[in-house]
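Enquirer:
Numbering (the working numbering), first residue to last: 2 to 210.
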């Protein structure tokens with residue numbers, strides 16, 4: 002605060018004890034020195050951390066704790082591929098299949114959840130708007146299709162990552178037009194048989210769609 006005297010009521014302006022206390026507090030709690038830190042820590046969603054993201058979560062209506070097993074958790078299991086489960090004494094058992102499981106999102110995951118929920122709160126759920134939203138959310142080709150009367154589909158031309166599947170299937174955060182039945186398909190086009198020029202594969206290279 003630049004000039005404390007301008008903010009004091011007249012009956013306290015000449016009190017040395019009150020003035021000294023306020024001067025001391027003003028030196029210790031000078032907001033001008035912390036405004037930039039507060040902006041990056043809490044106000045700017047792209048850089049917010051910890052309690053700043055928790056504040057944004059309350060604003061858009063989501064919580065850091067998710068009632069589902071952690072899709073990115075490393076757990077004990079059998080070796081089936083190069084990037085697989087881990088042996089004894091290395092990782093805990095998986096929580097998949099239990100009656101109830103939950104985990105806390107880290108800052109990176111929670112920021113993504115907040116952005117998706119905020120966008121789904123305000124987007125006008127028409128096909129053109131949803132497709133523009135999908136371009137911002139995913140870095141690979143996906144789109145929203147009208148497939149019949151009051152029926153629609155989200156089509157992803159790639160395999161969703163574990164956390165993306167949690168957002169799409171478990172939390173169902175993608176925009177949904179009112180009264181419309183929506184389903185989801187993941188079709189990796191490079192593995193599907195089709196005609197030349199469509200981006201699909203020839204005979205003996207891919208399966209039928």
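For each residue, glycine too, the CB sits at the ideal point set by N, CA and C. Predicted model only: the values in this text are computed from it and were never measured.
1. Express the C-alpha separation of residue 63 and residue 156 in angstroms, rounding to a whole number.
2. By the DSSP assignment, the beta strand (DSSP E) with residue 37 in it spans what residues?
3. Indicate whether residue 152 and residue 181 have their beta-carbon atoms separated by less than 9 Å.
4. Return the first residue and the last residue of the alpha helix (DSSP H) that residue 25 is part of.
5. For the beta strand (DSSP E) containing residue 187, name the first residue and the last one.
6. Using 9 Å as the threshold, is the C-beta distance between residue 175 and residue 148 below it?
7. Find out if the Cβ-Cβ distance for the pair residue 112, residue 54 is shorter than 9 Å.
8. Compare the C-alpha of residue 172 against each of 10, 145, 118 and name the closest.
9. Can you tell me the Cβ-Cβ gap for residue 105 and residue 65, rounded? I've got them flagged as a contact below 8 Å.
Expert: Answer, in terms of the structure:
1. Within the chain shown, numbered from 1, the residue matching residue 156 stands at position 155. Within the chain shown, numbered from 1, the residue matching residue 63 stands at position 62. Looking at the two C-alpha atoms, the distance is approximately 25 Å.
2. Residue 37 sits at position 36 when you count from the first residue of the chain shown. That residue, residue 37, is in no beta strand (DSSP E); its alpha helix (DSSP H) goes 36-39.
3. In the chain shown, the residue the question calls residue 152 occupies position 151. In the chain shown, the residue the question calls residue 181 occupies position 180. Result yes, Cβ atoms of residue 152 and residue 181 sit closer than 9 Å.
4. The residue labelled residue 25 in the question sits at position 24 within the chain shown. Unbroken alpha helix (DSSP H) run through residue 25: 17-29.
5. Stepping through the chain shown from its first residue, residue 187 is reached at position 186. Element bounds for residue 187: 182-187.
6. Looking up residue 175 in the chain shown gives position 174. Looking up residue 148 in the chain shown gives position 147. No, they are not a contact pair.
7. The count along the chain shown starts at 1 and reaches residue 112 at position 111. The count along the chain shown starts at 1 and reaches residue 54 at position 53. Cβ atoms of residue 112 and residue 54: closer than 9 Å.
8. As a working note, residue 172 is residue 171 in the chain shown. For the residues 10, 145, 118, the minimum Cα distance to residue 172 belongs to 118.
9. If you number the chain shown from 1, residue 105 lands on position 104. If you number the chain shown from 1, residue 65 lands on position 64. Confirmed, Cβ separation roughly 5 Å.
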